[in-house]
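The structure appears below as structure tokens.
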Amino acid sequence: MNDALHSRWKRASERKLAEGYQESAEVEQERQEHRLSMALAKVVYDRRMELGLSQTELAARTGLTQAKISRIEGSDTVPTLPLLAKLAKGLNASLNIAIDEADAHVTLTAHEAA
Numbered sequence: 005m006n007d008a009l010h011s012r013w014k015r016a017s018e019r020k021l022a023e024g025y026q027e028s029a030e031v032e033q034e035r036q037e038h039r040l041s042m043a044l045a046k047v048v049y050d051r052r053m054e055l056g057l058s059q060t061e062l063a064a065r066t067g068l069t070q071a072k073i074s075r076i077e078g079s080d081t082v083p084t085l086p087l088l089a090k091l092a093k094g095l096n097a098s099l100n101i102a103i104d105e106a107d108a109h110v111t112l113t114a115h116e117a118a
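Quick note on the numbering used here: the sequence shown kicks off at 5 and runs consecutively.
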């Protein structure tokens, strides 16, 4: 999500909360899952670009298919922990996920070259 869109969404969300609007727990959980999926998609794409890899090349490095890499980068899938470990290894980075009640942050920390 770009910064301007995120800012608009956040202002609208804050306005709704100030007016007493509350989403159901189900909707909020879906939003949290989607935010986490989008954050993962962005860091995977950004790191792949940093390394100059195609989706096919990253797939070969991770033992996944190009289609799976595409779904991850499109935030169309909820990856398992073993899949996340494969991604981190293939991207030569540590994957860090911080989740709290209102937000989720995903980062990749590049390993130093040997």
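Glycine included, every Cβ here is placed at the ideal spot set by N, Cα and C.
In this structure, does DSSP put HIS109 in helix, strand or coil? As a working mapping, residue 109 is identified with position 105 in the sequence shown. Looking at HIS109 - three-state DSSP - the assignment turns out to be strand.
Cα separation between LEU88 and GLN70? Here residue 88 refers to the residue found at position 84 of the sequence shown. Here residue 70 refers to the residue found at position 66 of the sequence shown. Computed Cα separation, rounded: 15 Å.
Quick check on LEU40: does DSSP put it in helix, strand or coil? Locating residue 40 in the sequence shown gives position 36, where the first residue counts as 1. LEU40: helix per DSSP, three-state reduction.
Alpha carbon to alpha carbon, how far is TRP13 from GLY94? Give it in angstroms, no decimals. Taking the first residue of the sequence shown as 1, we reach residue 94 at position 90. Taking the first residue of the sequence shown as 1, we reach residue 13 at position 9. C-alpha separation (whole angstroms): 33 Å.
Can the beta-carbon of LEU57 be found closer than 9 Å to that of LYS90? Against the sequence shown, residue 57 aligns to sequence position 53. Against the sequence shown, residue 90 aligns to sequence position 86. No, the Cβ-Cβ distance between LEU57 and LYS90 is not below 9 Å.
On the three-pair Cβ rule with 8 Å, is the region 77-88 touching the region 107-117? Segments in contact, no.
ALA29 (DSSP reduced to helix, strand or coil): Looking up residue 29 in the sequence shown gives position 25. Helix at ALA29.
Starting from SER74, trace the alpha helix (DSSP H) in both directions and tell me its first and last residue. Taking the first residue of the sequence shown as 1, we reach residue 74 at position 70. Note, SER74: alpha helix (DSSP H), 70-77.
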